[in-house]
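Student: Residue numbers (this note's numbering), protein chains in the order written: chain A, 6 to 262; chain B, 6 to 262; chain C, 6 to 262; chain D, 145 to 390; chain E, 145 to 390; chain F, 145 to 390. This structure is in structure tokens; I'll ask about it shortly.
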């Protein structure tokens with residue numbers, strides 16, 4: 006790998022800043038309020054949106070509740086044991102959640118039924134089916150696409166009780182957050198790493214931008230370091246490459262998925 | 006054992022389709038709303054009924070809630086470790102529950118206080134005290150007998166709150182489900198297996214009939230197989246033998262226990 | 006140690022019935038409703054009081070709820086693993102709780118908003134920071150001092166909802182429970198044992214007295230025994246030494262902490 | 145299973161348009177999970193279920209290893225978005241039970257003595273649940289085991305029969321499961337003519353019991369043909385399947 | 145333990161008709177659990193409690209074994225139907241604490257050094273709980289240990305005393321525990337004259353403390369006689385007991 | 145981070161009176177926990193955080209040991225009374241994540257290959273939480289590691305920068321975290337000039353991103369000086385610090 010990288014090429018033939026081929030399928034889970042399956046190279050994630058009502062979070066009385074979970078299914082790799090999420094999966098869920106939450110992708114102010122008492126609760130559950138590196142981006146794209154695909158039930162309060170009117174509404178989407186993950190191996194910065202590349206990485210970073218192409222969330226990971234110059238360079242790539250991915254999602258939206 | 010079985014006899018002298026001696030004692034736990042202790046050979050189970058009020062299950066808004074649990078106490082055998090129920094105990098509880106639920110032994114429609122909001126919650130908790138095979142039937146008989154023995158508190162809604170009137174009512178019992186468990190060892194089918202016989206079994210099956218002598222629930226277990234003919238033969242035995250057990254329970258009911 | 010004890014002296018130079026030097030600092034956690042840090046020799050505990058509202062406990066509908074927890078932080082010794090409380094920590098919490106509860110230190114009758122429905126919930130959480138023996142007393146003193154230090158928010162019911170008025174009130178303290186712990190090593194009875202002494206102890210006992218110098222709670226521990234005479238002798242010491250500690254806490258209260 | 149709505153119309157059609165003996169549409173894709181040793185994706189009506197097989201491989205923890213045979217482990221698991229109401233991610237007692245009966249239904253077909261001291265893990269993931277998810281899961285898992293190259297005596301095919309409006313019907317769907325009178329899931333090895341799973345929820349008399357069991361087994365044979373074609377298509381390509389159909 | 149109702153009537157009788165120094169009725173049956181190495185069932189007032197002993201036996205996990213002595217493990221557990229309100233099956237902090245003090249109360253009577261590297265497990269199962277279930281449990285467990293043939297220095301007998309209406313009384317029942325002023329459970333080895341358990345909940349002055357402790361020990365001695373008879377009846381039959389009573 | 149109140153007044157002062165580039169008051173005491181191999185207590189604004197280090201020591205369970213290096217383990221934990229609303233004692237997903245990034249932020253400074261097969265445990269206990277508890281925790285932990293005598297390449301200092309009212313400011317406090325527009329915690333090794341932690345919550349444009357990152361690093365350098373003095377004071381006494389300040 007090192008030989009290859011020193012020539013600016015990766016084992017799978019990509020340039021250092023190439024993303025792998027991506028496929029997005031929306032709406033595959035009819036029982037969910039929204040769903041998407043994303044393939045990023047051989048990494049594959051299914052995300053589903055389910056909508057309920059409940060109490061708002063403390064301190065966020067005038068906002069709907071967004072709850073994102075992620076699990077890496079034991080189908081995904083020989084190294085996954087079934088069980089409660091480990092440290093890495095908790096980080097995965099929280100980083101994907103952070104991108105959506107900090108970009109304010111969903112206008113949660115529009116998801117309140119009775120301030121401080123009853124709000125829409127939006128569950129976004131992400132299941133990694135096959136793991137071949139960069140689960141952060143694959144999961145993030147699946148979560149974002151499932152929300153893009155979602156229609157929310159119209160709930161109403163009648164006689165003090167929540168009633169599902171049977172009607173549907175578009176989800177209040179304001180922006181499309183897109184994360185780009187890079188790893189450093191020696192002096193090379195590689196985007197969208199495979200599992201093989203992650204096994205050799207020194208450090209990892211995930212940068213999320215919104216539709217205005219501003220930064221919304223960052224997470225550095227792994228036990229290596231970055232210089233300030235490297236960080237700024239990756240930030241610039243995250244904008245360019247993020248826009249590419251965002252345009253792909255926008256096309257899917259237009260095509261009516 | 007194989008020698009013996011080839012002659013149609015079991016190590017404890019029983020014929021293949023003989024059940025072990027059974028003892029049922031009802032009402033031993035005064036603090037419970039109903040209780041029973043069952044001895045089936047050396048297997049021994051105590052079951053207790055406790056009644057509360059609560060919300061109905063989702064999708065079953067016009068029915069009382071029945072919640073059955075089973076635990077194999079560490080007193081029961083040198084092989085039991087204290088702790089949360091393992092796979093086998095979960096199956097035990099679910100099979101016993103299924104017999105009671107599918108036969109509609111309790112008329113849950115009569116256990117509603119406010120439709121969709123407050124219903125009777127009937128807990129049936131089963132504790133295996135000594136384990137010597139066929140826990141399915143021993144536990145099932147204890148659960149059924151504890152319900153037969155049970156008197157429910159009369160709850161009322163006053164000023165929007167649940168009040169225990171202090172009065173008692175009979176439980177709304179419609180039928181008596183009885184399970185019969187058989188195991189296959191080689192070509193022999195044995196009813197009511199001991200622990201020793203279960204250690205040699207190829208496959209197991211539990212068949213529950215109701216007071217009309219119809220089938221209400223079936224659970225095949227263990228890693229062996231049955232032929233269709235074997236299954237139909239066991240189904241016939243389950244009816245005959247189930248009726249014997251049912252008559253025993255009916256006698257106890259008449260004798261005022 | 007045995008040599009030393011036979012001469013009535015301990016390894017740290019104390020007499021058998023000497024307590025170690027004690028330091029109490031109150032109010033160090035501004036975000037808590039009350040707090041205290043106690044150093045007893047090298048054992049160190051921080052306790053914090055947090056106040057919420059909630060339902061009363063069953064059977065105690067006309068009383069506020071007091072909930073005491075204890076944890077031994079992994080900072081406290083090389084032998085502590087992070088994780089849920091083990092048997093010893095559960096006992097620690099329950100013994101500290103018992104002293105406060107049985108002495109009726111807090112007048113819980115004064116902490117009711119709507120009888121049977123909404124009461125003050127007083128959490129006292131104790132964290133052992135460094136463990137060098139006699140955690141029972143160090144934790145008990147920290148819990149008691151944090152309650153002494155506490156001011157409760159004044160809650161009111163307005164339009165059926167709980168409102169925090171923003172005002173503060175003194176906690177309804179009626180008495181100061183003080184526990185004294187003794188261990189038996191051979192024929193010697195030692196008060197306030199160090200970790201080293203606990204490692205050699207035959208039996209342990211914790212006796213709590215109240216401000217009237219009556220007994221309020223006792224817990225014998227460890228796998229050794231006491232004679233009746235030993236127990237009565239320790240009970241007498243618990244009164245004398247408990248009064249010393251109580252006076253120390255009273256002085257701190259006067260000095261306005 | 146109390147109040148029975150009309151689940152069969154005047155033309156003898158069921159709520160989803162099927163006849164009494166008709167199975168829902170079934171599609172099986174083999175080898176869909178890159179990292180797994182064997183895998184299959186089944187669409188069985190609205191069920192969408194993945195099965196992945198890892199093994200034979202080393203056992204962890206080691207004390208679970210058997211000196212004379214392979215350990216088979218099996219997990220049936222529903223994703224939170226697979227059900228009408230969101231499923232709590234913690235494993236339910238229902239999932240624990242189904243995992244157990246699924247393992248017991250699959251094991252008779254496997255030559256486990258060929259892999260002493262090893263383990264085979266079967267992971268069944270329900271992405272969308274419809275009635276009959278355990279049968280669909282067993283069906284997919286058996287194909288995934290074959291795809292993993294495990295030595296097998298037979299394929300296990302699974303299908304339920306049941307009773308609605310007093311009639312025995314094949315392959316109970318979600319509505320029929322909830323509002324019908326009986327549901328009997330069966331798993332079956334067609335070549336060995338052996339039943340490896342049998343459950344029943346609901347009331348059947350003598351005659352119905354036999355009829356239901358026979359009908360479920362017939363359904364299993366239909367399912368088996370689809371399993372066989374899916375495996376042939378994977379290993380011999382589209383053409384083979386063409387020939388089969390001629 | 146605040147507001148004290150009248151728990152002693154004008155005739156000096158307690159709510160269940162007992163005098164101040166009278167114990168509730170106690171019955172002990174030995175050897176009631178077939179699979180256990182030793183067992184006992186105690187009815188102590190309305191308490192119905194089983195104790196089963198397994199061991200000495202191998203320790204799992206092995207690293208818990210002690211080279212020079214046997215490990216004693218003890219679990220106090222309430223069945224869900226044993227209490228007025230249904231008990232949640234998960235172990236409560238109260239059960240964890242009682243398990244610990246129960247083990248510490250039983251251990252002084254056992255010759256654990258006779259069984260190096262082994263474990264003895266004591267399981268106490270409360271089928272019906274009344275006041276004093278820990279004392280009844282210790283009493284039953286000690287009989288079960290004897291029934292298991294464990295080498296013992298003494299039998300541990302347990303009984304509480306307490307304070308109601310300002311008076312010291314023996315063997316506190318449920319109502320007295322909840323509405324009385326103090327409850328002091330004690331476990332005691334009669335031949336060695338040693339206290340192995342002592343707890344107190346409630347207010348006692350100096351004199352009451354001594355009196356209460358002495359009275360609890362007297363109760364333990366009464367309990368011990370019943371333990372002894374139960375064991376003799378098991379091992380020497382009904383007749384022996386007859387002789388005892390003459 | 146939606147509705148931005150005025151967090152900077154007309155005099156350019158923040159809610160706690162600081163200027164835009166000013167850090168909160170920071171105090172570090174070294175060696176505060178008797179039993180630990182190294183420890184530090186930090187007050188960083190209203191944050192009160194303990195860090196204790198145990199190790200290098202044997203690894204349990206043993207299979208976690210690495211043949212060529214030391215295993216670093218790290219736990220970030222909040223006491224129940226440390227937050228405005230009582231914190232549930234069970235570890236939250238937030239605590240799990242912070243434990244992970246904290247370990248990854250500390251590890252680059254440690255010469256772990258010097259201690260093969262061993263483990264170092266870092267326990268960070270938040271007694272009182274204010275904005276920036278992860279930065280304060282990393283700062284304290286790095287000092288505690290030095291106090292434990294672990295071989296280190298550099299000290300890790302941590303500080304956040306952020307955006308409030310459209311301006312980049314240093315060392316975000318609790319109010320600014322909740323009501324401001326962006327929070328960027330950074331950990332940094334001053335001598336090696338390397339970033340070991342970088343997170344961002346909130347919206348920044350290109351220019352702000354760079355500015356914020358640079359400002360956080362500047363804050364880390366200020367923090368580093370305080371770490372250095374605390375360690376010198378511990379090891380060389382008050383006097384040394386005096387000289388430093390001259």
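For each residue, glycine too, the CB sits at the ideal point set by N, CA and C. Computed from a prediction, not measured in an experiment: that's the story for all the values here.
Quick check: the Cα distance between residue 62 of chain A and residue 379 of chain D, rounded to an integer number of angstroms?
Tutor: Rounded to whole angstroms, residue 62 of chain A to residue 379 of chain D spans 53 Å at the Cα level.
Student: Excluding the 5 residues preceding and the 5 following residue 134 of chain A in the sequence, name in chain order all residues of the same chain whose CB lies nearer than 7 Å to its CB.
Tutor: Excluding residues within five positions, the ones whose Cβ falls inside 7 Å are 49, 50, 51, 78, 80 and 81.
Student: Is there a Cβ of chain A sitting closer than 8 Å to that of residue 265 of chain F, yes or no?
Tutor: Not an interface residue.
Student: Whole angstroms is fine: what's the gap from residue 182 of chain F's alpha carbon to residue 75 of chain C's?
Tutor: Rounded to whole angstroms, residue 182 of chain F to residue 75 of chain C spans 24 Å at the Cα level.
Student: Going by DSSP, what residue range makes up the beta strand (DSSP E) through residue 174 of chain B?
Tutor: Taken as a continuous stretch (DSSP letters only), the beta strand (DSSP E) holding residue 174 of chain B covers 166–175.
Student: Using a Cβ cut-off of 7 Å, pull out every chain A residue sitting near residue 196 of chain D, in sequence order please.
Tutor: By Cβ distance, chain A contributes 80.
Student: When you compare each of A:194, A:200, A:130 and A:174 to residue 140 of chain A by their alpha carbons, which one comes out closest?
Tutor: With distances taken between Cα atoms, residue 140 of chain A lies closest to A:200.
Student: Give the C-beta separation of residue 143 of chain C and residue 223 of chain C to the nearest angstrom, bearing in mind that I take them to be a contact with Cβ-Cβ under 8 Å.
Tutor: With a Cβ gap of about 18 Å, residue 143 of chain C and residue 223 of chain C do not count as contacting.
Student: Return the Cβ separation of residue 250 of chain C and residue 146 of chain C in integer angstroms, given the expectation that the two are a contact with Cβ distance under 8 Å.
Tutor: Yes, they are in contact, since the Cβ atoms of residue 250 of chain C and residue 146 of chain C sit about 7 Å apart, within 8 Å.
Student: Using a beta-carbon distance cut-off of less than 9 Å, what residues from the segment 305–321 of chain D approach chain A?
Tutor: Within the segment 305–321 of chain D, no residue has a Cβ that lies closer than 9 Å to any Cβ of chain A.
Student: So is residue 136 of chain B buried or exposed if we call it buried at 16+ other beta carbons inside 10 Å?
Tutor: Burial call: buried.
Student: Are the Cβ atoms of residue 304 of chain D and residue 337 of chain D separated by less than 8 Å?
Tutor: No, the Cβ-Cβ distance between residue 304 of chain D and residue 337 of chain D is not below 8 Å.
Student: Should residue 353 of chain D be flagged as near chain B, meaning a C-beta pair shorter than 8 Å?
Tutor: Interface residue, yes.
Student: Just to confirm, are residue 301 of chain D and residue 197 of chain D a CB contact at a threshold of 8 Å?
Tutor: No; because the gap between Cβ atoms is not below 8 Å, this pair is not in contact.
Student: Residue 32 of chain A to residue 157 of chain A, Cα distance in whole Å?
Tutor: When rounded, the distance between both Cα atoms is 13 Å.
Student: Return the residue from the list F:350, F:179 and F:330 that minimises the CA-CA distance to residue 361 of chain F.
Tutor: For the residues F:350, F:179 and F:330, the minimum Cα distance to residue 361 of chain F belongs to F:330.
Student: When the Cα of residue 126 of chain B is compared with those of B:132, B:59 and B:217, which residue comes out closest?
Tutor: Residue 126 of chain B has its Cα closest to that of B:59, out of B:132, B:59 and B:217.
Student: Of all the options F:332, F:372 and F:283, which has the alpha carbon lying nearest to the alpha carbon of residue 188 of chain F?
Tutor: Comparing Cα positions, the closest option is F:283.
Student: Have a look at residue 72 of chain C and residue 159 of chain E and give me their C-alpha separation to the nearest angstrom.
Tutor: The straight-line gap from Cα to Cα measures roughly 31 Å.
Student: So what does residue 219 of chain E bridge to, in DSSP terms?
Tutor: Looking at the DSSP assignment, residue 219 of chain E forms a beta bridge with E:267.
Student: By DSSP, does residue 173 of chain F sit in helix, in strand, or in coil?
Tutor: Here residue 173 of chain F sits in strand by DSSP.
Student: What does a CB cutoff of less than 6 Å around residue 191 of chain E pick up in its chain, not counting 5 residues either side in sequence?
Tutor: Hits under 6 Å: 274, 277 and 280.
Student: I'd like to know whether the C-beta atoms of residue 199 of chain F and residue 291 of chain F end up nearer to each other than 8 Å.
Tutor: No, the Cβ-Cβ distance between residue 199 of chain F and residue 291 of chain F is not below 8 Å.
Student: Could you give the first and the last residue of the continuous alpha helix (DSSP H) run that contains residue 258 of chain B?
Tutor: Run containing residue 258 of chain B: 233–259, per the alpha helix (DSSP H) assignment.
Student: Among residues of its own chain, excluding the 5 on either side of residue 212 of chain D, which ones have a beta-carbon nearer than 8 Å to its beta-carbon?
Tutor: Result list for residue 212 of chain D: 257 and 260, in chain order.
Student: Measure the C-alpha to C-alpha separation of residue 354 of chain D and residue 237 of chain B and round it to an integer number of angstroms.
Tutor: Looking at the two C-alpha atoms, the distance is approximately 7 Å.
Student: Just to confirm the assignment: which complete alpha helix (DSSP H) runs, minimum length 4, are found wholly within the segment 6–54 of chain A?
Tutor: Counting whole runs of 4 or more residues, the segment 6–54 of chain A contains the alpha helix (DSSP H) stretches 7–11.
Student: Which value, in whole angstroms, describes the spacing of the CA atoms of residue 232 of chain B and residue 248 of chain D?
Tutor: Approximately 15 Å, taken between the alpha carbons.
Student: Please report how far the alpha carbon of residue 203 of chain B lies from the alpha carbon of residue 188 of chain B, in whole angstroms.
Tutor: Cα to Cα, the separation comes out at about 7 Å.
Student: When Cβ atoms are compared, which residues of the segment 246–275 of chain F fall closer than 8 Å to chain C?
Tutor: Of all residues in the segment 246–275 of chain F, 265, 267, 269, 271, 272 and 273 have a Cβ within less than 8 Å of some Cβ in chain C.
Student: Which word fits residue 221 of chain F, buried or exposed, when buried means at least 16 other C-beta atoms lie within 10 angstroms of its C-beta?
Tutor: So residue 221 of chain F ends up on the buried side.
Student: Check residue 385 of chain D in the structure and name its three-state DSSP category.
Tutor: Summary for residue 385 of chain D: the model assigns pLDDT 47, below 50, so the residue's position carries little reliability; its value from the coordinates is reported in the next sentence. In this structure, residue 385 of chain D counts as helix in the three-state DSSP scheme.
Student: With DSSP run on the structure shown, which of helix, strand or coil describes residue 159 of chain D?
Tutor: DSSP places residue 159 of chain D in coil when its eight states are reduced to three.
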